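Protein chains in written order, with our numbering: chain A, 1 to 122; chain B, 123 to 895. Reviewing the structure listed below.
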Amino acid sequence: MANAFSVERTMQDGLVVLSLDGFLDAHTAPQFEAAIQKEMDAGQVRMVVDCRKLTYISSAGLGVFMTFVEELREQGGDIKICGVIPKVLSVFEVLGFPELFDIVDDVPQAVQRFAEAPTRES
Amino acid sequence: MGRVIVTALLGLAGAVALAVLTPRHDPLALYGYRVSADAARARARELAGAWRWPAVQGPMVLGVTDSERSRWWFQRTGTTRDALNSPTNTTVYFRPARITFAPDGRLLRFRRAPESAGPPRDPDRARQQAEQALSTLTGAQRHRFRLTVDVGLEDQHRKYRWEWTRPDPAQLAWTVDVLVDAQGVREADLQGQLSGEWDRQFRAAESAEAVLAAPMVVLTMVGVLLVPIVALLAWLRRALVLRVAWVVLGLLLLLAVAQAATLPALRQWSAPERPGVPETLEFVLGHVVAAVLFAAAVAAGAFAASGDARWRTLRLIVAGRPWCKEVGRSLLGGLTVALPLAALGPALLATGIVTGWAFDLPLQALGSEHPGWWAVTQEPPLLVAGYFAFLLPFARRWQARRAWVAGVAALPGALIAVSAVPYDGDVAGGYLYALLLFLLAAWAWYAHGLLAVLVALWAFPALQLAATLSALPGDLSAEAAPVWWVMGALFGAGTLVSVFGRHDAPVEEAAEAIPLYVSEREQLRSDFSLARRAQQHMLPGGSPSLPGFEFAATCQPARDVGGDLYDYVPLHDGRLAVCVADVSGKGMPAALYMTLTKGAMVAGAQFQRGPAEIARRLNTHLYAAGRRRVFVTAALGALCPRTQCFEYVRAGHNPVLWRRAALGETRLLHAPGMGLGLAAPAVFDRALRAECVQLEPGDALVLYSDGVTEAMDADQQEFGEERLCRAVAAADGENADGVQQRILTDLQEFLGGAPPQDDLTLVVVRVSSTGGV
Numbered sequence: 001m002a003n004a005f006s007v008e009r010t011m012q013d014g015l016v017v018l019s020l021d022g023f024l025d026a027h028t029a030p031q032f033e034a035a036i037q038k039e040m041d042a043g044q045v046r047m048v049v050d051c052r053k054l055t056y057i058s059s060a061g062l063g064v065f066m067t068f069v070e071e072l073r074e075q076g077g078d079i080k081i082c083g084v085i086p087k088v089l090s091v092f093e094v095l096g097f098p099e100l101f102d103i104v105d106d107v108p109q110a111v112q113r114f115a116e117a118p119t120r121e122s
Numbered sequence: 123m124g125r126v127i128v129t130a131l132l133g134l135a136g137a138v139a140l141a142v143l144t145p146r147h148d149p150l151a152l153y154g155y156r157v158s159a160d161a162a163r164a165r166a167r168e169l170a171g172a173w174r175w176p177a178v179q180g181p182m183v184l185g186v187t188d189s190e191r192s193r194w195w196f197q198r199t200g201t202t203r204d205a206l207n208s209p210t211n212t213t214v215y216f217r218p219a220r221i222t223f224a225p226d227g228r229l230l231r232f233r234r235a236p237e238s239a240g241p242p243r244d245p246d247r248a249r250q251q252a253e254q255a256l257s258t259l260t261g262a263q264r265h266r267f268r269l270t271v272d273v274g275l276e277d278q279h280r281k282y283r284w285e286w287t288r289p290d291p292a293q294l295a296w297t298v299d300v301l302v303d304a305q306g307v308r309e310a311d312l313q314g315q316l317s318g319e320w321d322r323q324f325r326a327a328e329s330a331e332a333v334l335a336a337p338m339v340v341l342t343m344v345g346v347l348l349v350p351i352v353a354l355l356a357w358l359r360r361a362l363v364l365r366v367a368w369v370v371l372g373l374l375l376l377l378a379v380a381q382a383a384t385l386p387a388l389r390q391w392s393a394p395e396r397p398g399v400p401e402t403l404e405f406v407l408g409h410v411v412a413a414v415l416f417a418a419a420v421a422a423g424a425f426a427a428s429g430d431a432r433w434r435t436l437r438l439i440v441a442g443r444p445w446c447k448e449v450g451r452s453l454l455g456g457l458t459v460a461l462p463l464a465a466l467g468p469a470l471l472a473t474g475i476v477t478g479w480a481f482d483l484p485l486q487a488l489g490s491e492h493p494g495w496w497a498v499t500q501e502p503p504l505l506v507a508g509y510f511a512f513l514l515p516f517a518r519r520w521q522a523r524r525a526w527v528a529g530v531a532a533l534p535g536a537l538i539a540v541s542a543v544p545y546d547g548d549v550a551g552g553y554l555y556a557l558l559l560f561l562l563a564a565w566a567w568y569a570h571g572l573l574a575v576l577v578a579l580w581a582f583p584a585l586q587l588a589a590t591l592s593a594l595p596g597d598l599s600a601e602a603a604p605v606w607w608v609m610g611a612l613f614g615a616g617t618l619v620s621v622f623g624r625h626d627a628p629v630e631e632a633a634e635a636i637p638l639y640v641s642e643r644e645q646l647r648s649d650f651s652l653a654r655r656a657q658q659h660m661l662p663g664g665s666p667s668l669p670g671f672e673f674a675a676t677c678q679p680a681r682d683v684g685g686d687l688y689d690y691v692p693l694h695d696g697r698l699a700v701c702v703a704d705v706s707g708k709g710m711p712a713a714l715y716m717t718l719t720k721g722a723m724v725a726g727a728q729f730q731r732g733p734a735e736i737a738r739r740l741n742t743h744l745y746a747a748g749r750r751r752v753f754v755t756a757a758l759g760a761l762c763p764r765t766q767c768f769e770y771v772r773a774g775h776n777p778v779l780w781r782r783a784a785l786g787e788t789r790l791l792h793a794p795g796m797g798l799g800l801a802a803p804a805v806f807d808r809a810l811r812a813e814c815v816q817l818e819p820g821d822a823l824v825l826y827s828d829g830v831t832e833a834m835d836a837d838q839q840e841f842g843e844e845r846l847c848r849a850v851a852a853a854d855g856e857n858a859d860g861v862q863q864r865i866l867t868d869l870q871e872f873l874g875g876a877p878p879q880d881d882l883t884l885v886v887v888r889v890s891s892t893g894g895v
């Protein structure tokens, strides 16, 4: 079953905002990966991932976050997650993501978090 | 074992038939007279000198059977054996000339050359020469012959015929045919023909059937053999073409060497007709074609059908590991089946002679006008080999539908019909022969595999030839000796390998043993099935025993291999640790990471103080070893048989289900924690919290992976934790197996036949109702 997924890129306050829409699983994870890689190649290390329209995430999707976060943090950047719907949030929480990532409510909060604590010790 | 017995019986029957039907016998004892080879040779030289024939090459003496005379002899002597092999004539071959003597030494026929030297110039002189030949042949009976044919000039020669029709129908009617060309008598032939109901024509008559059949045979050959060969070549990877070439070359040499064993006899007989054609070319045409096709059959058989037991021995040989008992047995089986195959011809001929519908059979091996063409189109064994080696495996591989396979299985009927028709004269006999040949080959394939079929079909013409050679008078048994040596050596080799070879390699080992890639997909498939087995072996073999508890567990990967595992680890304080772990992802990468997890857990686990410490050490190992992309979640708990306390940690995994039967409530145990391998030990340790619950008799614990709760049906609904809780609640009072079964049944019903998308793992612990120690 091919589920729809897309990544939309915008800029807000000098930060890259990647808005995820749809299903993030093993089939669609490469799309997400490619989007982050593109930003990294362009020199962007501070990213906000907006999950308001993300309806489902699997371990492959979680793996994408894990793939890049260390490198980004080494370069002084970070991935901050916002707008997660309860169902997806429970998946994050079961895994213990809140220990690893800043998960906030919306993009402005994420922007603020970047100002306060741009990066995080892994 | 039954198959071996049947094959042995068939072999015995064949050997007995061959021995009975093709004995060596002495015409002196039979007829009261004999033409010895030396005498025939001397007399022939004498005659050739007297007739001033051109220089002759060292003559070969051969006794040939004459089927018409055979049946006549049968009528006289009443013995099939004698009739079959009664050498009515002895022929001395000087290529291309030949002189034939009757058993009592009389000159029967002679031929100076197959082609005419030009038309005779003087008709009267030609007639004179012809009558002289008549006298030479008929001797004192000359006056009984009447001239019946004098057609004048025809086809570069003059033809004359004299006939002597005898009143007694049981007696032979004699004819003398003489052909005269510019050099004199080119050919003179004294023939006896059975008159009346015994009279049969056994020439290669251009019957309508034969004319139609020949192109049909060719087409069938093309279809059965060449099309799959082309498909096979197109399908093989480039790297394999070299291997195939190696196989083909090797088998070519092998077959050439083996065929060379029968070469002397064959060569002499096939050459005489065409003095200009070089021997080597004829050999090449005749036998290399057959050899190439056989070799290609071997290669195709080895590659085409993987995993099928009947192709296993070929695969082993091609992989360079022939020293297996199975290979030896297959070889022996093939050689044994070759015996009844070889006896088929003489046996049918003997039956035909007795019953009256005699027909000519291949004893064609004894001579052929066009060996190359004959080998390709006239040889039913090639068609049959092609059927088993090519058509059957390709049919099974490309179309699993039964109707299609049944249709292919019925194709032999057509094969047999087509392969039988070209036989001279009696079509019914040809059909019967082709049918029996196919059935014997099918038995060899069924009982001993494809190698046995190829060996049997290759060996039996040689065996038949050797038996016939041994039976005929003339100094020909020496010619047959090489065949016996080769067969004996093969039989010996087969026995050696069966007795001393390595034990039958199970299918998995055979797959390991073969370094060739049929295709990458093939290799991957076999790798995966090996990996699946390996992974199954890593799981606990049975349920542990812990007083007061029952266990049941299952782990079903979504693909061949999976990223889930469960384990039981006894701790040194008497507790038993139970765990379910899940690697992010599926398939091979997950499975490999799971192996690492298992190793890390088992190493020193029994010395840990509790589940929290196990989890911490696991995290340290995985964090150090892995890249963050892959992570492991685990639910780990320790059961205490004394206190019935369950201490657990939840490392990013699904909560543990706790069914409290006495209270009738189900709880999900959700201690804080995070996945393994994600964070440095400091962060992980901060996040992890061990919790302890007190179990009561009748309680159940279920550790599960998200493959259970996230299983989706056709409407994309998840099974979910609620349904899981309900299933466990409904299984109150049942033992651990019962709970597991209930969960799985409910899950299957929910999925409604859809296959699970993720690895499925369950561990069920039931606290005995009777309580602890």
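Positions of the beta carbon are idealized from the N, C-alpha and C atoms, including for glycine. On a predicted model such as this, the values are computed, not experimentally measured, just so you know.
- Restricting attention to beta strand (DSSP E) runs no shorter than 3 residues, the segment 816 to 886 of chain B encloses them at 822 to 826, ordered along the chain.
- At a cut-off of 7 Å between beta-carbon atoms, Gly-874(B) makes no contact with chain A.
- According to the DSSP assignment, Leu-230(B) belongs to the beta strand (DSSP E) that extends over 229 to 233.
- Within its own chain, the residues whose Cβ lies closer than 8 Å to the Cβ of Arg-738(B), once the five positions on either side in sequence are excluded, are Pro-803, Phe-806, Asp-807 and Leu-810, listed in chain order.
- Using a CB distance below 8 Å, the part of the segment 72 to 99 of chain A facing chain B consists of Val-94, Leu-95, Gly-96, Phe-97 and Glu-99, ordered along the chain.
- Contacts between Ser-706(B) and chain A, judged by CB atoms closer than 8 Å, involve Ser-59, Ala-60, Leu-62 and Gly-63 in chain order.
- Listed along chain A, the residues sitting closer than 7 Å to Val-805(B) by beta-carbon distance are Glu-99.
- A distance below 7 Å separates the beta carbons of Leu-72(A) and Val-45(A).
- For Ala-809(B), a Cβ of chain A is located within less than 7 Å of the residue's own Cβ.
- The residues Val-128, Thr-129, Leu-132 and Val-459, in chain order, have a CB closer than 8 Å to that of Trp-565(B) in the same chain once the five nearest residues on each side in sequence are set aside.
- Taking 7 Å as the CB threshold, Gly-795(B) lines the interface with chain A.
- Following the DSSP letters along the chain, one finds Gln-109(A) inside the alpha helix (DSSP H) bounded by residues 107 to 116.
- Secondary structure note for Thr-129(B): its alpha helix (DSSP H) is the uninterrupted segment 124 to 143.
- In the three-state reduction of the DSSP assignment, Gln-678(B) falls in the strand class, which pools E and B.
- Residue contact with chain A for Gly-684(B): absent (no Cβ-Cβ distance below 7 Å to any residue of chain A).
- In terms of CA proximity to Arg-848(B), Leu-866(B) leads the group Ala-836(B), Leu-866(B) and Met-834(B).
- In the DSSP annotation of this structure, the continuous segment of the beta strand (DSSP E) that includes Thr-10(A) starts and ends at 5 to 12.
- At least one CB atom of chain A sits nearer than 7 Å to the CB of Gly-774(B).
- Distance between Pro-30(A) and Leu-89(A), taken at the CA atoms: about 21 Å.
- When DSSP states are grouped into helix, strand and coil, Thr-287(B) belongs to the coil group.
- Comparing alpha-carbon positions, the option among Leu-798(B), Gly-456(B), Arg-268(B) and Phe-560(B) lying closest to Leu-576(B) turns out to be Gly-456(B).
- Classified as exposed, Thr-10(A) has fewer than 16 neighbouring CB atoms from the shown chains inside 10 Å of its CB.
- In chain order, Ala-465 and Ala-469 place their CB closer than 6 Å to the CB of Ala-139(B), counting only its own chain and leaving out the 5 sequence neighbours on each side.
- Under DSSP, Phe-768(B) shares a beta bridge with Leu-761(B) and Val-815(B).
- Taking C-beta separations shorter than 6 Å and ignoring five residues to either side along the sequence, the partners of Leu-800(B) in its chain run Phe-753, following chain order.
- Pairing Leu-230(B) with Leu-312(B) gives a Cβ-Cβ distance under 7 Å.
- Counting C-beta pairs with one atom in each stretch, the segment 815 to 827 of chain B and the segment 870 to 887 of chain B have three or more that are closer than 8 Å, which means they touch.
- When the Cα atoms are used, Ser-648(B) and Ile-36(A) turn out to be separated by approximately 37 Å.
- Minimum Cα-Cα distance from Leu-661(B) among the listed residues Ala-680(B), Tyr-688(B), Asn-776(B) and Ala-653(B) corresponds to Tyr-688(B).
- Contact fails between the segment 662 to 670 of chain B and the segment 724 to 734 of chain B, because fewer than three Cβ pairs, one in each stretch, are under 8 Å apart.
- Nearest Cα to Glu-818(B) within the set Asn-741(B), Tyr-509(B) and Ala-783(B): Ala-783(B).
- Around the CB of Gly-610(B), fewer than 16 other CB atoms lie within 10 Å, so the residue is classed as exposed.
- According to the DSSP assignment, Met-796(B) belongs to no alpha helix (DSSP H), since it is labelled neither H nor E.
- Asp-78(A) is classed as buried because its beta carbon has at least 16 other beta carbons within 10 Å across all chains shown.
- Judged by DSSP secondary structure, Asp-807(B) falls within the alpha helix (DSSP H) whose first and last residues are 803 to 809.
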